[in-house]
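Protein chains in written order, with the working numbering: chain A, 8 to 209; chain B, 16 to 216.
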């Protein structure tokens, strides 16, 4: 056999043997620190509770709500169709499949938005895309969507429109009955006394 | 660092440009290795020329070992590398059919184009047949779709299927390749000695 081929075959065998004896090493792909820093200071990752409510009501198929609170809290109350990935399990390989789904928009939420923000940073460092945080978390959800407060009379038209939407959303999520605004109230009808025919003429 | 498109280092629009460059290089290497000759390719089945086996086996083990070293160095994330789904039935049948076409026509699809490129008539006929075959296959697809997708094992690698690491699989393939190179060289010598209708350099 040609010596050249023998040498190449031995080299290949050596390289393949090298793969077997090399110690195991995990290379996690993560984004650069400066890029992460840049994204952290951008407010674009936030979605409002109104936007989330709208997406749930519309049945947006790209929405993936991720509750990062502990399992017990999730069991007590959670948003519709949300999945639970407790914050301390975010790096668990069993949950990784939920984050990298193509075309899905992952919205993290917690009681406030601090844990959700931290989850966002971790998931972003792991290289996942299309990640968002529900601004204000569940506290804001209860405050705005479940128990919306009527704006002052001097508030802008937008605030009134938001209020109308939130009232509707509240009914959708809580199943509360619609408050009818056309209650029958007694109206005092003041009839004019029949006056006497105009006396006299022109 | 890699793969370049899934990590958004370059956009997906580069797909066709890269395919064109790799295709050109692949065609050049096929032609340079003498694969535009149908005698050389059919030689595998008659036992007088195993250069096809050697070239493709070499490409495979170099790529396997190279990828694993790249992965070890952190230059490529193997979890993002696309693995073709395995439809067991259609792959077995397709492999048999392709082998049949190989020995009857003396080309595989890629080599038929290199032969056509250098003006070989049998290559042109074979390449035309490939296009016609693709057309007929696509038009009649609904008739055998069930068979085509049957026994889908998903995007699995050999290592995942038998439960060993990719490194062990790569090592095993290198050993198999070297043994195959040695055994086929012996077969080649014996067959060539008894052949009178074909002269070897």
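For glycine and all other residues, C-beta sits at the position ideal for the given N, C-alpha and C.
Against chain A: residues of the segment 165 to 185 of chain B by CB proximity under 8 Å: For the segment 165 to 185 of chain B, the set of positions with a beta-carbon nearer than 8 Å to some beta-carbon of chain A reads 182, 183 and 185 in chain order.
Quick one: what does DSSP say residue 168 (chain A) is sitting in, helix, strand or coil? Helix at residue 168 (chain A).
Over what stretch of residues does the beta strand (DSSP E) that includes residue 114 (chain A) continue unbroken? That run of the beta strand (DSSP E) goes 112 to 116.
For residue 106 (chain A), report the span of its alpha helix (DSSP H) as first-last. Unbroken run through residue 106 (chain A): none, as it is neither H nor E.
With H, G and I counted as helix, E and B as strand and the rest as coil, what does DSSP make of residue 159 (chain A)? Three-state result, residue 159 (chain A): coil.
Check distances from the C-beta atoms of the segment 57 to 81 of chain B to those of chain A and list, in chain order, the residues that come in under 8 Å. Using a CB distance below 8 Å, the part of the segment 57 to 81 of chain B facing chain A consists of 76, 77 and 80, ordered along the chain.
Against chain B, with Cβ distances strictly below 8 Å, would residue 173 (chain A) count as a contact? At least 8 Å separates the CB of residue 173 (chain A) from every CB of chain B.
Distance cutoff 8 Å, beta carbons only. Does residue 117 (chain B) sit that close to anything in chain A? Taking Cβ atoms only, chain A never reaches closer than 8 Å to residue 117 (chain B), which makes this a no.
Can you tell me where the alpha helix (DSSP H) holding residue 71 (chain A) begins and where it ends? No alpha helix (DSSP H) contains residue 71 (chain A), which is instead part of the beta strand (DSSP E) from 70 to 74.
Closest to residue 121 (chain B) by C-alpha separation, out of B:133, B:159, B:105 and B:140, would be which residue? Checking every option, the nearest Cα to that of residue 121 (chain B) belongs to B:140.
Closest to residue 108 (chain B) by C-alpha separation, out of B:47, B:17, B:23 and B:163, would be which residue? Out of B:47, B:17, B:23 and B:163, B:163 has the C-alpha closest to the C-alpha of residue 108 (chain B).
Which ranges would you report for the alpha helix (DSSP H) in the segment 67 to 121 of chain B if only whole runs of at least 4 residues count? The segment 67 to 121 of chain B contains these whole alpha helix (DSSP H) runs: 103 to 120.
Cα-Cα separation, residue 211 (chain A) to residue 63 (chain A): With chain A running from 8 to 209 in the structure shown, residue 211 (chain A) is simply not present.
For a test of the three-state rule: what should DSSP assign to residue 218 (chain B), helix, strand or coil? The first residue shown for chain B is 16 and the last is 216, placing residue 218 (chain B) beyond what the model contains.
Cβ neighbours of residue 158 (chain A) in the same chain (closer than 7 Å, five flanking residues each side left out): 166, 167 and 170.
How many whole angstroms separate the CB atoms of residue 192 (chain B) and residue 117 (chain B), which I take to be in contact at a CB cut-off of 8 Å? Not quite, the Cβ-Cβ distance comes to about 20 Å (not below 8 Å), so this is no contact.
Any beta carbon from chain A within less than 8 Å of residue 196 (chain B)'s own beta carbon? Chain A contact via Cβ: present.
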